[in-house]
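Below is one structure; the comments refer to it alone.
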Amino acid sequence: MVDDIAHLVTAGRDGDLTAYGELVRRFQDMAYGYARSLLGDAHLAEDAVQEAFLSAYRHLGDLHEPAAFPGWLRRIVWRQCDRLGRRKQPRPVGLDQAQATPDPRAGPAERVQQQELTRRVMAAIQRLPERQREVTTLFYVNGYSHAEVSAFLEVPPTTVKSRLHAARRKLTKDLVEMVKHTLHEEKPGPELPPRVIRRLVTEAKQAHSVSDYRRLLDLCDEALERIEGVAPSGRRQADTSQLLIWRSEAKAFGQHDPAAAGTDCARALDIAEDAGDREGQRKALQALLMTCANAGDWDGLERWAERGSTLAAEALQEDQDLAEKLLGQCEAAHDLATRADRHWQPGLSGGFTLGSVAVQRRGQRLRMLGPRARRESGRQRDILLNLSQGTPAYVSVLMLLRPVLNSMPQSLHVGAEGRCRLEPMETRDWLAKDAELSHVNARTRIESDDETVDTPAGRFDRCWKLVTTISPPRDFRPALGRHRHFLSVLTGTVAAWLAPKVGLVRLVWQPRGGRDHDVVLTEFDVHAGGDEPIPLHVGNAWHYRWSGQMRATVWEVCRVICAGERGWRITSSTEVVRPTPQQ
Numbered sequence: 001m002v003d004d005i006a007h008l009v010t011a012g013r014d015g016d017l018t019a020y021g022e023l024v025r026r027f028q029d030m031a032y033g034y035a036r037s038l039l040g041d042a043h044l045a046e047d048a049v050q051e052a053f054l055s056a057y058r059h060l061g062d063l064h065e066p067a068a069f070p071g072w073l074r075r076i077v078w079r080q081c082d083r084l085g086r087r088k089q090p091r092p093v094g095l096d097q098a099q100a101t102p103d104p105r106a107g108p109a110e111r112v113q114q115q116e117l118t119r120r121v122m123a124a125i126q127r128l129p130e131r132q133r134e135v136t137t138l139f140y141v142n143g144y145s146h147a148e149v150s151a152f153l154e155v156p157p158t159t160v161k162s163r164l165h166a167a168r169r170k171l172t173k174d175l176v177e178m179v180k181h182t183l184h185e186e187k188p189g190p191e192l193p194p195r196v197i198r199r200l201v202t203e204a205k206q207a208h209s210v211s212d213y214r215r216l217l218d219l220c221d222e223a224l225e226r227i228e229g230v231a232p233s234g235r236r237q238a239d240t241s242q243l244l245i246w247r248s249e250a251k252a253f254g255q256h257d258p259a260a261a262g263t264d265c266a267r268a269l270d271i272a273e274d275a276g277d278r279e280g281q282r283k284a285l286q287a288l289l290m291t292c293a294n295a296g297d298w299d300g301l302e303r304w305a306e307r308g309s310t311l312a313a314e315a316l317q318e319d320q321d322l323a324e325k326l327l328g329q330c331e332a333a334h335d336l337a338t339r340a341d342r343h344w345q346p347g348l349s350g351g352f353t354l355g356s357v358a359v360q361r362r363g364q365r366l367r368m369l370g371p372r373a374r375r376e377s378g379r380q381r382d383i384l385l386n387l388s389q390g391t392p393a394y395v396s397v398l399m400l401l402r403p404v405l406n407s408m409p410q411s412l413h414v415g416a417e418g419r420c421r422l423e424p425m426e427t428r429d430w431l432a433k434d435a436e437l438s439h440v441n442a443r444t445r446i447e448s449d450d451e452t453v454d455t456p457a458g459r460f461d462r463c464w465k466l467v468t469t470i471s472p473p474r475d476f477r478p479a480l481g482r483h484r485h486f487l488s489v490l491t492g493t494v495a496a497w498l499a500p501k502v503g504l505v506r507l508v509w510q511p512r513g514g515r516d517h518d519v520v521l522t523e524f525d526v527h528a529g530g531d532e533p534i535p536l537h538v539g540n541a542w543h544y545r546w547s548g549q550m551r552a553t554v555w556e557v558c559r560v561i562c563a564g565e566r567g568w569r570i571t572s573s574t575e576v577v578r579p580t581p582q583q
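Oh and the sequence shown: position 78 is 78 in the UniProt record's numbering, straight run, nothing missing.
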């Protein structure tokens with residue numbers, strides 16, 4: 001037995017996840033029983049055991065004597081219990097407090113009886129002295145032998161026997177049998193190893209959310225190794241694909257290794273395709289597009305964009321929303337990859353965005369949906385970002401045009417006004433949560449219908465001029481400095497000039513705080529679209545140049561890529577270049 005444990009520990013230390021999984025299966029009940037005796041709470045005990053096995057795996061190399069694993073693990077469990085106990089002090093377990101684990105198949109009367117019985121049993125165990133309680137719980141939770149309990153507690157077998165004998169004397173014969181049955185029924189099931197993996201995935205998600213790439217890489221490596229020992233399932237495939245995507249980001253941004261990042265993304269895509277997981281395919285392709293664009297691999301970006309467009313077409317009948325979003329990102333990536341007059345390259349300050357937004361008709365008015373797809377379908381945002389620090393997060397004409405279109409008056413004549421509520425152009429979940437800025441108010445007034453606008457794309461006569469004011473709710477009171485900062489970015493005034501049968505030819509964004517942004521049309525390819533403010537016909541395209549924004553210059557291409565009963569989708573690809581200090 002001791003030699004067998006030592007062999008498993010040595011193999012696990014060398015990276016054999018199957019061997020470590022066997023150690024988990026052998027000791028999980030003992031670790032749970034010990035944690036249960038310390039904490040007096042089944043749920044806290046399970047949490048402590050999960051944390052203990054994760055910690056043990058990470059520090060397995062520190063165990064110099066593999067045969068000493070049982071006692072070493074017990075000390076780790078004790079530390080986790082101590083940590084959890086200090087965080088949430090367990091209450092003494094009395095007849096009215098002990099947790100019950102009734103059989104779900106039992107009727108109401110039987111469940112009440114089982115709960116009462118379990119309360120009696122757990123209260124009796126909890127009344128035992130600590131050392132007797134430990135031995136009793138370990139001995140009965142899974143029928144461990146005196147030798148096994150002795151090795152775990154690091155006390156002689158005779159001590160185990162004497163403590164167990166003393167505990168039995170305090171319990172009645174009937175109660176001893178009930179203790180054995182209750183502890184055996186309450187112990188965690190065989191799903192503990194997968195739960196440990198789920199915990200790693202959760203920790204990796206947290207590291208990803210704060211861009212802690214070093215920790216993210218370590219967690220993904222560990223989880224991907226461990227997941228090999230789990231039986232194949234849809235959950236395993238989804239977790240593997242997601243972990244590979246996160247690891248690709250850690251390699252791309254943390255290690256600056258785009259080749260390795262691309263390999264992980266391609267593998268994630270293959271796994272998602274084998275599983276028929278459309279959402280997984282979309283996420284993997286997103287990561288591939290970002291990886292290629294970040295590395296300046298324009299040929300690779302075009303190749304993956306074409307593959308993504310094909311997958312979007314295949315998914316159209318199953319999930320139109322997902323297919324359109326994927327198509328939007330891929331078509332925007334294609335525009336970025338094939339751009340003739342390229343401005344941004346890796347190494348330059350600035351970056352790019354790739355994305356799309358949906359446009360719908362509401363009565364006589366067009367409504368542009370926001371970038372926050374999370375509220376609409378529970379999925380990720382439509383817009384992919386890679387912008388250097390200090391550049392506004394949503395550099396797109398579409399985001400600035402959105403409050404104008406959505407609050408446009410139903411009747412188009414000079415002096416007409418319209419209003420609407422909408423999510424902020426730049427969505428910040430923590431801002432909405434901390435400051436309750438769930439929406440902003442937009443009010444649009446038609447100032448003129450006979451403006452002349454000169455742009456690099458030509459002179460446009462008889463343009464509509466619309467002025468939109470974006471303001472926070474009246475009762476909004478920014479609580480922190482960061483709230484006031486983002487409020488200065490999210491609110492302000494947009495002036496837009498729309499030319500008949502062309503669309504937007506100029507836009508000036510005056511944020512509440514900061515410099516004005518001037519956007520002008522440099523090129524357009526508009527074939528049809530009727531009398532809409534924005535001619536929405538598949539294939540119509542507009543090229544814009546921004547200036548004045550954070551001392552950056554932005555080049556943007558917008559294109560209508562699909563139309564149907566649900567409305568239209570317009571893509572946006574931007575290049576942002578900020579001058580270096582020497583410039």
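Yeah, the Cβ is synthetic: ideal placement off N, Cα and C, and Gly gets one too.
The structure displayed is predicted, hence computed values, not measured ones.
Do residue i and residue j have their CB atoms nearer than 9 Å?
{"i": "V357", "j": "M399", "result": "yes"}
{"i": "E302", "j": "H334", "result": "yes"}
{"i": "P258", "j": "E154", "result": "no"}
{"i": "V467", "j": "T444", "result": "yes"}
{"i": "G33", "j": "V141", "result": "yes"}
{"i": "A295", "j": "A337", "result": "no"}
{"i": "W509", "j": "E523", "result": "no"}
{"i": "D274", "j": "S248", "result": "no"}
{"i": "V574", "j": "E331", "result": "Per the sequence shown, residue 574 should be read as Thr rather than Val. No."}
{"i": "A48", "j": "L39", "result": "yes"}
{"i": "D297", "j": "W555", "result": "no"}
{"i": "A238", "j": "G280", "result": "yes"}
{"i": "V526", "j": "N540", "result": "yes"}
{"i": "P456", "j": "R545", "result": "yes"}
{"i": "A35", "j": "Q80", "result": "yes"}
Taking 6 Å as the limit between beta carbons, can you name the residues of its chain near residue i, skipping five residues before and five after?
{"i": "I534", "result": "G503"}
{"i": "D434", "result": "At D434 the pLDDT is 42, less than 50, meaning the model places this residue with poor confidence; the figure from the coordinates comes in the next sentence. Answer for D434: no residue qualifies."}
{"i": "E447", "result": "K465, V467"}
{"i": "T452", "result": "D461"}
{"i": "A268", "result": "S241, L244, I245, A284"}
{"i": "I5", "result": "F69"}
{"i": "D449", "result": "V414, W464"}
{"i": "A250", "result": "Y213, L216, L217"}
{"i": "I76", "result": "A52, S55, A56"}
With which residues is residue i paired in a DSSP beta bridge?
{"i": "K465", "result": "S448, W497"}
{"i": "V508", "result": "A495, D518"}
{"i": "E417", "result": "R445"}
{"i": "F476", "result": "Beta-bridge pairing links F476 to no other residue."}
{"i": "V577", "result": "G350, T553"}
{"i": "L366", "result": "R361"}
{"i": "L138", "result": "DSSP, once it has assigned bridges, lists no residue as partnering L138."}
{"i": "D454", "result": "R459"}
{"i": "I470", "result": "A442, G492"}
{"i": "G355", "result": "S572"}
{"i": "L422", "result": "V440"}
{"i": "G503", "result": "A499"}
Under 8 Å by Cβ, that's how I've got residue i and residue j pegged, so tell me the actual separation to the nearest angstrom.
{"i": "G262", "j": "T240", "result": "That belief does not hold up - the Cβ atoms of G262 and T240 are roughly 17 Å apart, past 8 Å."}
{"i": "A312", "j": "L289", "result": "The pair is not a contact, with the Cβ atoms about 13 Å apart (cut-off 8 Å)."}
{"i": "L44", "j": "G12", "result": "Rounded, the Cβ-Cβ distance is 26 Å, inconsistent with contact."}
{"i": "R365", "j": "Q410", "result": "6 Å"}
{"i": "V404", "j": "C558", "result": "So it is not a contact: roughly 14 Å between Cβ atoms."}
{"i": "H537", "j": "V560", "result": "6 Å"}
{"i": "L401", "j": "A496", "result": "7 Å"}
{"i": "L487", "j": "R515", "result": "Not really, about 16 Å apart at Cβ, beyond 8 Å."}
If you drop the 5 nearest sequence neighbours on each side, which residues of the same chain put their C-beta closer than 7 Å to that of residue i?
{"i": "A19", "result": "L8, A11, G12"}
{"i": "G378", "result": "Per-residue confidence for G378 stands at a pLDDT of 33, beneath the threshold of 50, marking its modelled position as unreliable; no derived number is given."}
{"i": "N406", "result": "R367, M368, C420, L422, A442"}
{"i": "A252", "result": "P258, A261, T291, N294"}
{"i": "D319", "result": "R278"}
{"i": "E417", "result": "P409, R443, T444, R445"}
{"i": "R474", "result": "none"}
{"i": "A223", "result": "I197, L200, V201, A204, L243"}
Looking only at its own chain, which residues have a Cβ that is under 8 Å from the Cβ of residue i, when we skip the five neighbours before and after it?
{"i": "G567", "result": "A358, V359, Q360, R361"}
Examine chain B for any beta-carbon lying closer than 9 Å to the beta-carbon of residue i, and answer yes or no.
{"i": "V397", "result": "No chain B is present in this structure, which holds just one protein chain."}
Quick one: does the C-beta of residue i sit closer than 8 Å to a heavy atom of the ligand NAD?
{"i": "A416", "result": "Annotation note on the ligand NAD: not contained in the displayed structure, which lists no ligands."}
Subject >> Runs of beta strand (DSSP E) wholly within the stretch 510-575 (minimum 3 residues, chain order) >> reply: 517-525, 541-549, 552-564
**OP:** Mind listing, in chain order, the continuous alpha helix (DSSP H) runs of no fewer than 4 residues lying wholly within the stretch 204-257?
**Re:** 213-227, 234-249
**OP:** Please specify which runs of the alpha helix (DSSP H), each continuous and at least 4 residues long, are wholly inside the stretch 265-338, giving them in chain order.
**Re:** 278-295, 298-315, 320-337
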